[in-house]
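What follows is a single structure, written as structure tokens, with notes after it.
Number of protein chains: 4
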Amino acid sequence: MPTDRKAPDTARRSQPTRQAILTAALDLAAEVGYRRLSIEAIAARAGAGKQTIYRWWPSKGAVLFDALLALSENPEGSDGDVELPDTGDLAADLKLVLAATVDELNNPRYSEPMRALTVEILENAELAATYRERLDQPMREMKKRRLRKAQDAGQLDPDADLDVAVDLIWGPVQNRWLFREGPLTAAFTDALVDTALRGLAQASRRRTDT
Amino acid sequence: MPTDRKAPDTARRSQPTRQAILTAALDLAAEVGYRRLSIEAIAARAGAGKQTIYRWWPSKGAVLFDALLALSENPEGSDGDVELPDTGDLAADLKLVLAATVDELNNPRYSEPMRALTVEILENAELAATYRERLDQPMREMKKRRLRKAQDAGQLDPDADLDVAVDLIWGPVQNRWLFREGPLTAAFTDALVDTALRGLAQASRRRTDT
Amino acid sequence: MPTDRKAPDTARRSQPTRQAILTAALDLAAEVGYRRLSIEAIAARAGAGKQTIYRWWPSKGAVLFDALLALSENPEGSDGDVELPDTGDLAADLKLVLAATVDELNNPRYSEPMRALTVEILENAELAATYRERLDQPMREMKKRRLRKAQDAGQLDPDADLDVAVDLIWGPVQNRWLFREGPLTAAFTDALVDTALRGLAQASRRRTDT
Amino acid sequence: MPTDRKAPDTARRSQPTRQAILTAALDLAAEVGYRRLSIEAIAARAGAGKQTIYRWWPSKGAVLFDALLALSENPEGSDGDVELPDTGDLAADLKLVLAATVDELNNPRYSEPMRALTVEILENAELAATYRERLDQPMREMKKRRLRKAQDAGQLDPDADLDVAVDLIWGPVQNRWLFREGPLTAAFTDALVDTALRGLAQASRRRTDT
DNA sequence: ATTTAAACGAGACGGTACGTCACGTCTTCTG
DNA sequence: CAGAAGACGTGACGTACCGTCTCGTTTAAAT
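These protein sequence lines map, in sequence, to chains Z, R, X and A.
Heads up: the first sequence begins at 1 in UniProt numbering, then just goes up one per residue.
Heads up: the second sequence begins at 1 in UniProt numbering, then just goes up one per residue.
Heads up: the third sequence begins at 1 in UniProt numbering, then just goes up one per residue.
Heads up: the fourth sequence begins at 1 in UniProt numbering, then just goes up one per residue.
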């Protein structure tokens, strides 16, 4: 967890208060946006003392981070074991996954806290490192595992750099969301997947398409 | 300019003061980062009154925006007429351009204010609109013009959606920079260009590669 | 004034706000007592920002000090020129003065802020110095002037140390008030004056009393 | 003792801890002054839990009170039976006693905690009552006993109000100490005793002095 | 000798107030 | 009259203690 300033006694920690703080942070982020999200307000909404927040989290972003982790951690499922679907049809699978992502990003309840966390990450290098290690890297590994399977099945160029591949497919989605560059739709992600897989260059590919 | 709350008399505006403010904003952004960048400090550094800033810019982000515009507007060149190079070799041209971008993004003098502006854009929808209209869209058009020429020359799939193409090529660069996901090098952008142009899928491409 | 941390521009000072702060301080001291008197509450009651208080006064005690000064500074009269009454009868004059002091000290409106200020003085040596210089010393000089006149008129021992004399007469009043050691009445101060003037020792004085 | 909120079992009380707390309170009062003396710091210094302090003392002042009591209670002597010296020469005896008091008040080790306790007393009426009953009154009775003996011996005006007499002699000393109005020396207390005994008024005293 | 109930250290908790910083508005004086 | 200077009300910051409340862990009296 992105916590532990000076090792308080985790055993004594009040779980109800922790939950209340995470919930309040999420609610407030959705309601007022990042700019107006204050630790003071989170504490007040949660019925907690400010010190309780400062005791367990080093920054506002760390609270948000835990709140979003808690939101995405399904009661049964453990976080790391999740896999992307594999029906054998890579393009279809990716389109499905990206469509789900798009849905999530279009839901303010999830999207606003996520945007707030993102802003925090951009200006807080320490938080960014935690984020990469605990959220981004596992997700990237999961994506690469799916792509590797496609490679093994001969559906993907065996020489392709899978990190670049992940960037190619997911990067544009994140960008369009972050900068609100245009409507974030399944049509866009479908086109994205097709283009990324086929490549932009024409050459002789016309012949192989069909 | 992203300015003009209530139409002060632009004619009477003090140009030396304007320059001092933009310079101070840039310097401070590079020195202390976005988090600690305050209008108060910009005014103090510029030897200007706070009101002078508030009179001419609606937000801290707008100051940064103008500052970066001023930075990139070369003495001779007018902004809108610039074109990407066209040597006939699309891949080489793109690699050249992205290498230059990478250099810029690795230079804190440019990169830190840019990051500050980006953060502002993420939380300020009005500023974001200005940014898109005055910076992002012209750049995107420029990129699309170059790609269209490649299309006309038969080097690019004639069915490709050029907006998706731009996202595919430039999106991953911006992401890697923004989230410091890894070293931002020409090696990365070269691989990116190759992969984006060729596509990820194998199929019969092996035959056409050689 | 016990002010000026870092020389703000006194000319620009808002007099209405200054008055509101002094009044609020006085009112709150009378209402809630020293213990619960907070700068936050003074600012809130005065409709002022905390910073405005911190800008002009170095401590809570300094605010109280000014507030009490303002309270005692009569509209017409200048502070330093006041004199104790001189009817020729020293004992009667002192009794009159002490009776007035007793009235004041029994009035919570004056007494409570005074007590708050006193507590501050006891724990703040810097404030204590200001208090001595600006309030205590002038009062003491005034008292000594009256005693000196009695000395000149042959009513007081010409060898008496007037500082000790002042301590002897006024000290017990302040003590009884401060420690609530008993009812603070004119009867007490009358006895005090008589005893101080006559002395405790008996000797043949009985004969001279009348 | 100024203790016993809700009757904890005194028998089980840890005496070493009690001592550690009193010592810590004294030390800290001498070191940092009243303003910065906190229960939290006392507990930490004493290696005690905060609750242990709150269990046995109702306020910070009560701790200080006990600490000073413990300091002044000499190993052999019981508190109440002490008497002021009586050599037959009242003035000399008083001067001796006041000189000792002055020494004590000039010793920060005793003086600082005493000042802290005094401040507490001024703002805590309940503590003030305890103080009066347990410390001030016994001392005052002791003083009055000595003065009464002088009265019986014909050295003091038989009509003198002994309470006023005590105030007259000891009040100025306490005041000068409390408000740091000037150096607290034996010279001052000597003059005080002489003046208080002889009185300020001249009149026929000249005749009786000799 | 064992039980058992308390006092104990430790410290998390909801709070209040601290003193500081920056916001965006305003007012006054100067060039 | 634009601009510098900066006071103002506002609100959030991060910290220090308050007094209350569990937690195990001694520890000393009652079994």
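In this text, a Cβ means the ideal position worked out from N, Cα and C, and glycines have one as well.
Comparing alpha-carbon positions, which option in the options lies nearest residue i?
i	options	result
G154 (chain R)	R:E141, R:L90, R:R35, R:N124	R:L90
D83 (chain X)	X:E73, X:L184, X:E141	One detail in the question is off: residue 83 (chain X) reads as Glu in this sequence, not Asp. Minimum Cα distance to E83 (chain X) is reached at X:E141.
W57 (chain Z)	Z:K95, Z:W177, Z:L22	Z:L22
L184 (chain R)	R:D157, R:D159, R:A99	R:A99
R35 (chain R)	Z:E123, Z:R134, Z:V166, Z:Q151	Z:E123
Q15 (chain X)	X:A129, X:G88, X:T52	X:T52
A186 (chain R)	R:D152, R:I121, R:D93	R:D93
M114 (chain Z)	Z:L37, Z:G88, Z:F188, Z:T17	Z:L37
G88 (chain Z)	Z:A29, Z:Q151, Z:K50, Z:R55	Z:Q151
T17 (chain Z)	Z:M139, Z:V97, Z:K50	Z:K50
Find the residues of chain Z that neighbour residue i, judging by a C-beta separation of less than 9 Å, and give them in chain order.
i	result
L84 (chain R)	Correct list: empty, because the minimum Cβ distance to chain Z is about 15 Å.
Taking Cβ to Cβ, would you say residue i is nearer than 9 Å to residue j?
i	j	result
V173 (chain X)	T101 (chain X)	yes
L26 (chain A)	F65 (chain A)	no
L168 (chain A)	A196 (chain X)	yes
K95 (chain R)	D9 (chain R)	no
K144 (chain R)	A165 (chain R)	yes
R45 (chain Z)	A62 (chain Z)	no
E112 (chain R)	G33 (chain R)	yes
With burial defined as no fewer than 16 other Cβ atoms inside 10 Å of the residue's Cβ, what is the status of residue i: buried or exposed?
i	result
T118 (chain X)	buried
R146 (chain X)	buried
G77 (chain Z)	With a pLDDT of only 47 at G77 (chain Z), under 50, the local geometry of the prediction cannot be trusted, and the value read off the model is given with reservation. With fewer than 16 Cβ atoms within 10 Å of its Cβ, G77 (chain Z) is classed as exposed.
E40 (chain X)	exposed
K60 (chain R)	buried
G171 (chain X)	buried
P158 (chain Z)	exposed
E31 (chain X)	exposed
R148 (chain R)	exposed
E133 (chain R)	exposed
R198 (chain Z)	buried
A43 (chain Z)	buried
A11 (chain X)	exposed
A7 (chain X)	exposed
Measure the alpha-carbon distance for residue i versus residue j and round it to whole angstroms.
i	j	result
P75 (chain R)	L69 (chain R)	Residue placement at P75 (chain R) is poorly supported in this model, since its pLDDT is 49, which falls under 50; the coordinates still yield a value, given next. Straight-line Cα distance between these residues: approximately 12 Å.
L178 (chain Z)	Y131 (chain R)	13 Å
Q137 (chain A)	A125 (chain A)	16 Å
A67 (chain Z)	L156 (chain Z)	37 Å
E73 (chain X)	N106 (chain X)	20 Å
residue 211 (chain Z)	R176 (chain R)	What is shown of chain Z runs 1 to 210, which leaves residue 211 (chain Z) out entirely.
F188 (chain Z)	A160 (chain R)	13 Å
Q19 (chain R)	L71 (chain R)	11 Å
L200 (chain A)	E181 (chain A)	21 Å
D103 (chain A)	A129 (chain X)	23 Å
M139 (chain R)	D86 (chain R)	16 Å
Y54 (chain A)	R55 (chain Z)	24 Å
L135 (chain R)	R13 (chain Z)	49 Å
A48 (chain R)	A48 (chain X)	27 Å
L28 (chain R)	V97 (chain R)	28 Å
How would you list, in chain order, the residues of chain A whose beta-carbon sits under 8 Å from the beta-carbon of residue i?
i	result
F179 (chain X)	I121, L122, A128, R132, D136
Y54 (chain X)	What Y54 (chain X) touches in chain A: nothing, since even the nearest Cβ is about 17 Å away.
L168 (chain X)	L168, P172, L192, T195, A196, L200
Quick check: is any heavy atom of the ligand PLP less than 8 Å from the C-beta of residue i?
i	result
P138 (chain R)	Only the bare structure without any ligand can be found here, which leaves the ligand PLP out of the picture.
At a CB-CB cut-off below 7 Å, which residues of chain R make contact with residue i?
i	result
D152 (chain Z)	What D152 (chain Z) touches in chain R: nothing, since even the nearest Cβ is about 12 Å away.
Taking C-beta pairs closer than 8 Å, name the residues in chain X that residue i reaches, listed in chain order.
i	result
P183 (chain A)	Residues of chain X passing the Cβ test: none, with the nearest at roughly 12 Å.
Taking C-beta pairs closer than 9 Å, name the residues in chain R that residue i reaches, listed in chain order.
i	result
L68 (chain Z)	Within 9 Å Cβ-Cβ: nothing; L68 (chain Z) doesn't reach chain R, min ~15 Å.
R176 (chain Z)	D167, G171
R115 (chain Z)	L122, E123
Counting only Cβ pairs nearer than 8 Å, list the residues of chain Z close to residue i.
i	result
G33 (chain R)	E123
Residues of chain R with CB under 8 Å from residue i, in chain order?
i	result
D161 (chain Z)	A191, T195
T118 (chain Z)	L122
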